[in-house]
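Worksheet: one structure, shown below.
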Amino acid sequence: MKNFLFIAITSFLLISCTGNDKYVLKDSIGSLNKVMVVAKVSDWTSDIGQEIRTSFGELMVGLPQPEPILTLSQVAPSGFSAMMKAHRNLLIISESDNEGFSVRKNVFAQPQTIVYVQGKNDETIIKLLQKHKNDIKEIFIDADVKFTQAVFEKDKLAENQFKTIKNLGISLTIPTSYKLVDDTGEFLWLRQHLLSGIAKTGSNNILVYSIPLENEQIVSENIVAVRDSIGKKYIPGSFEGMYMITEAAYTPFIFDATIDGKKAYETRGKWEVKDDFMAGPFLNYSIIDKKNNRVVVFEGFTYAPSVNKRAFVFELEAIAKSIKIN
6 MKNFLFIAIT SFLLISCTGN DKYVLKDSIG SLNKVMVVAK VSDWTSDIGQ
56 EIRTSFGELM VGLPQPEPIL TLSQVAPSGF SAMMKAHRNL LIISESDNEG
106 FSVRKNVFAQ PQTIVYVQGK NDETIIKLLQ KHKNDIKEIF IDADVKFTQA
156 VFEKDKLAEN QFKTIKNLGI SLTIPTSYKL VDDTGEFLWL RQHLLSGIAK
206 TGSNNILVYS IPLENEQIVS ENIVAVRDSI GKKYIPGSFE GMYMITEAAY
256 TPFIFDATID GKKAYETRGK WEVKDDFMAG PFLNYSIIDK KNNRVVVFEG
306 FTYAPSVNKR AFVFELEAIA KSIKIN
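When we follow my numbering, the leftmost residue of the sequence shown carries the number 6, and every step to the right adds one.
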């Protein structure tokens with residue numbers, strides 16, 4: 006009987022320690038859009054380090070100030086302590102006869118994403134980085150989007166309070182820090198007041214609406230015209246005749262995207278108020294909903310003078326990518 010109890014207790018402890026990571030893994034640390042690179046100093050200061058900084062230090066388009074998509078920092082393997090291992094996003098570079106690129110989740114902490122790049126020599130490692138740079142960027146961005154969405158899910162707005170969301174038959178995860186500005190049943194405008202630094206006078210804004218799908222081939226061509234018409238109708242400036250438009254001096258960037266399994270266009274650019282000095286970045290997702298013969302549009306725009314805006318735009322991206330269309 007004693008042996009049976011000993012075996013049962015031991016088995017339970019083993020299952021508890023190995024069967025569910027939440028019992029043994031600490032919470033991960035690190036800012037959004039930040040990657041800790043584990044590499045030897047000699048690698049970081051050589052062509053390998055230059056390739057990493059070039060590949061992953063690309064600037065985010067559509068922002069008034071230059072800000073990288075990902076912020077990088079480096080630690081040598083000898084300094085890769087328990088605290089460093091808890092970082093949420095890790096890129097580990099090493100020499101090995103087993104060349105390759107791989108991804109593992111929740112190794113030292115959770116949630117955590119680790120990308121391993123290993124090669125026989127500098128040339129091989131650089132080739133792997135060049136080959137997989139877009140994949141690696143997307144892996145880290147996607148992980149941070151999911152992390153942000155999980156945070157918002159814990160304290161989100163009740164969607165059934167908004168006529169426009171109900172009428173459009175969609176769902177999305179919006180944190181309770183956003184407050185209603187306008188909800189016509191066809192157009193929704195929510196605003197979050199920014200509370201940090203100089204940006205406490207600014208705001209993050211969400212717009213949701215739809216337009217008829219008349220010709221799928223020209224959806225991307227009409228994005229600027231559509232958002233300008235919406236701005237004129239719904240987003241007024243301080244005085245009569247002022248309203249939000251796409252900044253004429255800055256051509257927006259349009260990328261292919263997928264939202265809720267549907268073809269979409271991601272547009273990043275700058276907005277301004279006609280005949281005024283207000284301006285900032287915007288992020289627009291135009292989602293082709295063939296089933297309902299329409300284009301569902303999510304737009305986020307930020308007004309945060311004199312501060313960096315990457316974090317604010319990324320929050321809008323995470324909210325947009327939570328959209329589900331019924």
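From the three backbone atoms N, C-alpha and C, an ideal C-beta is built for every residue, glycine too. Because the structure is a prediction, the values reported are computed rather than measured.
- For residue 138, the CB contacts under 8 Å within the same chain, skipping 5 residues up- and downstream, are 60, 61 in chain order.
- Listed in chain order, the non-local C-beta contacts of residue 255 below 7 Å within the same chain comprise 274, 275, local neighbours out to five positions each way being set aside.
- A Cβ-Cβ contact shorter than 8 Å links residue 279 with residue 247.
- Residue 210 is bridged by DSSP to 196, 306.
- Distance from the CA of residue 286 to the CA of residue 89, rounded to the nearest whole angstrom, comes to 33 Å.
- Per the coordinates, the alpha-carbon of residue 325 lies some 28 Å from the alpha-carbon of residue 243.
- CA-to-CA, the gap between residue 312 and residue 154 works out to about 24 Å.
- Sequence-distant Cβ neighbours of residue 301 in its own chain, meaning closer than 7 Å and more than five residues away, are 173, 175, 215, 292, 294, 330.
- In the three-state reduction of the DSSP assignment, residue 110 falls in the strand class, which pools E and B.
- With contacts defined as CB atoms closer than 8 Å, residue 210 and residue 85 fail to qualify as a contacting pair.
- For the options 208, 123, 239, 320, the alpha carbon positioned closest to that of residue 283 is the one of 208.
- In the three-state reduction of the DSSP assignment, residue 278 falls in the strand class, which pools E and B.
- DSSP lists 260, 290 as the beta-bridge partner residues of residue 271.
- Considering only 124, 303, 131, the residue with the shortest C-alpha distance to residue 51 is 131.
- The residues 274, 275, 276, 277, 284, in chain order, have a CB closer than 8 Å to that of residue 252 in the same chain once the five nearest residues on each side in sequence are set aside.
- Counting along the chain, residue 121 sits inside the beta strand (DSSP E) bounded by residues 118–124.
- In the three-state DSSP reduction, residue 312 falls in the coil class, being neither helix nor strand.
- With a cut-off of 8 Å on Cβ pairs, the region 99–107 is in contact with the region 121–129, counting three or more such pairs.
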